[in-house]
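Asks:
There are 2 protein chains.
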Amino acid sequence: MGDSARSGCPINAAVEAFGDSWSLLVLRDVMFGNRRHFRELLAGSEEGIASNILADRLKRLVKAGLLTREDVGPGRRAAYSLTEASIRLVPVFAQLGEWGLRHRPTTERLRVRAELLAAGGPELWDEFMAELRVVHLGEPAPERDGPGVMERLAAAYAAAL
Amino acid sequence: MGDSARSGCPINAAVEAFGDSWSLLVLRDVMFGNRRHFRELLAGSEEGIASNILADRLKRLVKAGLLTREDVGPGRRAAYSLTEASIRLVPVFAQLGEWGLRHRPTTERLRVRAELLAAGGPELWDEFMAELRVVHLGEPAPERDGPGVMERLAAAYAAAL
DNA sequence: CGATCTGCTTGCGGTTTGCAACCAGTGATC
DNA sequence: GATCACTGGTTGCAAACCGCAAGCAGATCG
Chain A
1 MGDSARSGCP INAAVEAFGD SWSLLVLRDV MFGNRRHFRE LLAGSEEGIA
51 SNILADRLKR LVKAGLLTRE DVGPGRRAAY SLTEASIRLV PVFAQLGEWG
101 LRHRPTTERL RVRAELLAAG GPELWDEFMA ELRVVHLGEP APERDGPGVM
151 ERLAAAYAAA L
Chain B
1 MGDSARSGCP INAAVEAFGD SWSLLVLRDV MFGNRRHFRE LLAGSEEGIA
51 SNILADRLKR LVKAGLLTRE DVGPGRRAAY SLTEASIRLV PVFAQLGEWG
101 LRHRPTTERL RVRAELLAAG GPELWDEFMA ELRVVHLGEP APERDGPGVM
151 ERLAAAYAAA L
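So the protein lines, in turn, are chains A and B.
According to UniProt numbering, the first sequence is numbered sequentially starting from 1.
According to UniProt numbering, the second sequence is numbered sequentially starting from 1.
In structure tokens form, the structure reads like this:
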């Protein structure tokens with residue numbers, strides 16, 4: 001369990017934080033799917049994560065400061081939330097998603113979110129991060145006129161079915 | 001070695017292509033360190049990759065279309081080159097690096113490249129990608145007045161020693 | 001000929017993975 | 001008050017993978 005960094009390189013630091021087969025996908029589901037509970041993440045997983053792996057990754061991500069766990073007693077729904085650090089992964093997700101849809105085969109249904117995020121650019125990413133801070137960090141919601149990014153993502157996803 | 005995708009999600013596609021402990025670091029060394037040969041990558045690795053892992057990752061990356069291998073006979077220096085797909089990872093590296101240096105402990109020496117890349121923004125990334133296409137894909141070099149991005153990265157790195 | 005370089009390969013013990021079953025606590029229903 | 005479904009997980013186990021260390025064949029150098 002040594003968490004000593006292999007090097008002081010920022011890229012390596014990022015890889016060590018979430019550079020495995022599952023961590024980033026768990027974060028994706030919390031961030032874009034708004035899945036906040038264990039069973040929700042387990043059952044809703046597009047890729048079919050196993051429960052022991054999910055449990056392990058949640059622990060790791062909490063330890064790494066990328067998730068927080070609202071610790072209620074045993075047997076009651078515990079909620080996982082993003083942190084400022086993981087909210088700041090939005091641009092990373094956007095770039096990864098854009099790369100994936102350009103250079104790998106993807107399915108229409110799952111592609112729409114990445115497309116919308118790529119098309120929106122940094123302004124949209126900032127708007128989305130602000131929304132995530134409201135939902136996950138409890139920041140006060142600012143006044144808004146149109147639908148939020150989350151709603152637009154959900155609408156695009158629903159329209160692609 | 002089933003390369004069947006777990007899902008059609010672009011993020012998952014990216015994770016499956018280079019979402020492990022080493023693939024991205026190998027690409028980083030080829031891209032930013034201009035290390036093109038096996039022993040170069042092995043000896044120059046900041047994180048100390050093992051030779052069998054390096055061999056495996058090089059094979060995988062070639063298979064995934066993220067590297068090409070100029071196959072000379074056995075016993076002679078084979079050169080690895082980036083492909084268009086991996087050159088397009090520059091924005092991903094930039095965002096990952098920026099996240100890493102903001103949210104993880106890093107060392108000054110290894111931080112400068114990420115800082116320069118983050119500060120330069122998309123215009124600099126495009127310029128860098130154009131340079132990589134010259135070096136790795138053999139595109140004709142355009143006329144330039146100042147030093148290239150690669151030179152500036154190297155200079156910043158050298159200055160931080 | 002020997003030393004050194006090239007890109008790897010092999011052995012091996014330890015770790016991780018992923019499937020499946022299981023578990024204790026809680027709250028609602030019968 | 002017993003059953004039931006739901007909560008977030010744990011446990012066993014076989015198979016795969018990881019990383020360290022050593023070795024290897026072909027080419028080049030002196």
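The C-beta atom is built at its ideal place from N, Cα and C for all residues, glycine as well.
(1) Tell me which residue opens and which closes the alpha helix (DSSP H) that Glu47 of chain B is part of.
(2) Going by the beta-carbon positions, is the gap between Arg113 of chain B and Phe18 of chain B smaller than 8 Å?
(3) Under 8 Å, Cβ to Cβ, is there at least one residue of chain B near Met1 of chain A?
(4) Should Arg104 of chain B go down as buried or exposed, given a rule of 16 or more other Cβ atoms within 10 Å for buried?
(5) Comparing the C-beta of Arg152 of chain B with each C-beta of chain A, is any distance below 8 Å?
(6) What I want to know is whether the C-beta of Arg60 of chain B ends up closer than 7 Å to one or more non-hydrogen atoms of the ligand ADP.
(7) Classify Leu67 of chain A as helix, strand or coil using the three-state DSSP reduction.
(8) Could you please tell me which residues of the region 15-41 of chain B, in chain order, have their CB closer than 7 Å to any CB of chain A?
(9) Run through DSSP, which three-state label would Leu153 of chain B get?
(10) Closest by CA to Leu67 of chain A, which one among A:Gly75, A:Gly73, A:Pro74 and A:Leu58?
(11) Below 8 Å on the Cβ atoms is my guess for Thr106 of chain B versus Pro10 of chain A; work out the distance and round it to an integer in Å.
(12) Under 7 Å, CB to CB, which of the residues in the region 60-71 of chain B have a partner in chain A?
(13) From the DSSP output, which residues share a beta bridge with Leu124 of chain A?
(14) Let me know the secondary structure DSSP gives Ala130 of chain B once reduced to three states.
(15) Beta-carbon within less than 8 Å of His37 of chain B's beta-carbon, same chain only, minus the 5 sequence neighbours each way: which residues are those?
(16) On the three-state DSSP scale, how would you describe Ala160 of chain B?
(17) With 16 as the cutoff for other CB atoms within 10 Å, does Ala14 of chain A come out buried or exposed?
(18) For Leu42 of chain B, list the residues DSSP reports as bridge partners.
(19) Starting from the beta carbon of Arg102 of chain B, find every residue of chain A whose beta carbon is closer than 9 Å, and list them in chain order.
(20) In the DSSP assignment, find the alpha helix (DSSP H) that holds Ala94 of chain A and state where it starts and stops.
(21) What residue range is occupied by the uninterrupted beta strand (DSSP E) comprising Ser86 of chain B?
(22) Ordered along the chain, which non-local residues of its own chain (more than five positions away) have a Cβ less than 8 Å from that of Arg6 of chain A?
(23) Please identify, using Cβ separations under 7 Å, the residues of the region 110-123 of chain A that lie next to chain B, in order along the chain.
(24) Can you look up Ser23 of chain A in the DSSP assignment and give me helix, strand or coil?
(25) What are the start and end residues of the alpha helix (DSSP H) that includes Ala17 of chain B?
(26) Can you list, in chain order, the residues of its chain with a C-beta nearer than 7 Å to that of Arg35 of chain B? Leave out the 5 residues immediately preceding and following it.
(27) According to a CB-to-CB cut-off of less than 8 Å, which residues of the region 125-154 of chain B neighbour chain A?
(28) If you measure from the beta carbon of Arg77 of chain B to each beta carbon in chain A, is any gap under 8 Å?
Replies: Once the coordinates are examined:
(1) Counted from its first residue, the second sequence places residue 47 of chain B at position 47. Here Glu47 of chain B belongs to no alpha helix (DSSP H), and DSSP marks it neither H nor E.
(2) Along the second sequence, one-based indexing puts residue 113 of chain B at 113. Along the second sequence, one-based indexing puts residue 18 of chain B at 18. For Arg113 of chain B and Phe18 of chain B, no; Cβs fall outside 8 Å.
(3) Walking along the first sequence from the start, residue 1 of chain A turns up at place 1. Its pLDDT being 41, under 50, Met1 of chain A is placed unreliably by the model, and the measurement read from it follows with that caveat. Chain B contact via Cβ: absent.
(4) Taking the second sequence and counting its residues from 1, one reaches residue 104 of chain B at position 104. Label assigned to Arg104 of chain B: buried.
(5) Mapped onto the second sequence, residue 152 of chain B falls at position 152. So, not an interface residue.
(6) This structure simply doesn't include the ligand ADP, nor any ligand for that matter.
(7) Taking the first residue of the first sequence as position 1, residue 67 of chain A is located at position 67. Residue state, collapsed to three classes: strand.
(8) Val15, Ala17, Gly19, Asp20, Ser21, Leu24, Leu25 and Arg28
(9) For the purposes of this step, residue 153 of chain B is identified with residue 153 of the second sequence, where counting begins at 1. Three-state DSSP puts Leu153 of chain B in a helix.
(10) Here residue 67 of chain A corresponds to residue number 67 of the first sequence, with the count starting at 1. Nearest C-alpha to Leu67 of chain A: A:Leu58.
(11) Position 106 of the second sequence, counting from 1, holds the residue named residue 106 of chain B. Position 10 of the first sequence, counting from 1, holds the residue named residue 10 of chain A. Thr106 of chain B to Pro10 of chain A, Cβ: 5 Å. Contact.
(12) none
(13) On the first sequence, residue 124 of chain A is found 124 positions in, with the first residue counted as 1. None; Leu124 of chain A has no bridge partner.
(14) Start at 1 with the first residue of the second sequence, and residue 130 of chain B comes out as number 130. DSSP places Ala130 of chain B in helix when its eight states are reduced to three.
(15) In the second sequence, counting from the first residue as 1, residue 37 of chain B sits at position 37. Excluding residues within five positions, the ones whose Cβ falls inside 8 Å are Arg77, Ala78, Ala79 and Tyr80.
(16) In the second sequence, residue 160 of chain B corresponds to position 160, counting from 1. Here Ala160 of chain B sits in coil by DSSP.
(17) Position 14 of the first sequence, counted from the first residue, corresponds to residue 14 of chain A. Buried, since its Cβ has 16 or more Cβ neighbours within 10 Å.
(18) Mapped onto the second sequence, residue 42 of chain B falls at position 42. Its beta-bridge partners do not exist; DSSP assigns none.
(19) One-based indexing of the second sequence puts residue 102 of chain B at position 102. Result: Pro10, Ala85 and Arg88.
(20) For the purposes of this step, residue 94 of chain A is identified with residue 94 of the first sequence, where counting begins at 1. Unbroken alpha helix (DSSP H) run through Ala94 of chain A: Val90 to His103.
(21) Translated into the one-based positions of the second sequence, residue 86 of chain B becomes position 86. Where Ser86 of chain B is concerned, there is no enclosing beta strand (DSSP E), although the alpha helix (DSSP H) it sits in stretches over Glu84 to Ile87.
(22) Looking up residue 6 of chain A in the first sequence gives position 6. Excluding residues within five positions, the ones whose Cβ falls inside 8 Å are Asn12 and Glu16.
(23) Leu110, Arg111 and Ala114
(24) Counting from 1 along the first sequence, the entry for residue 23 of chain A is found at position 23. It is helical.
(25) As a position in the second sequence, residue 17 of chain B is number 17, starting the count at 1. Note, Ala17 of chain B: alpha helix (DSSP H), Pro10 to Phe18.
(26) The residue labelled residue 35 of chain B in the question sits at position 35 within the second sequence. So the qualifying residues of the chain are Asp29, Leu41 and Gly44.
(27) none
(28) For the purposes of this step, residue 77 of chain B is identified with residue 77 of the second sequence, where counting begins at 1. Closer than 8 Å: no.
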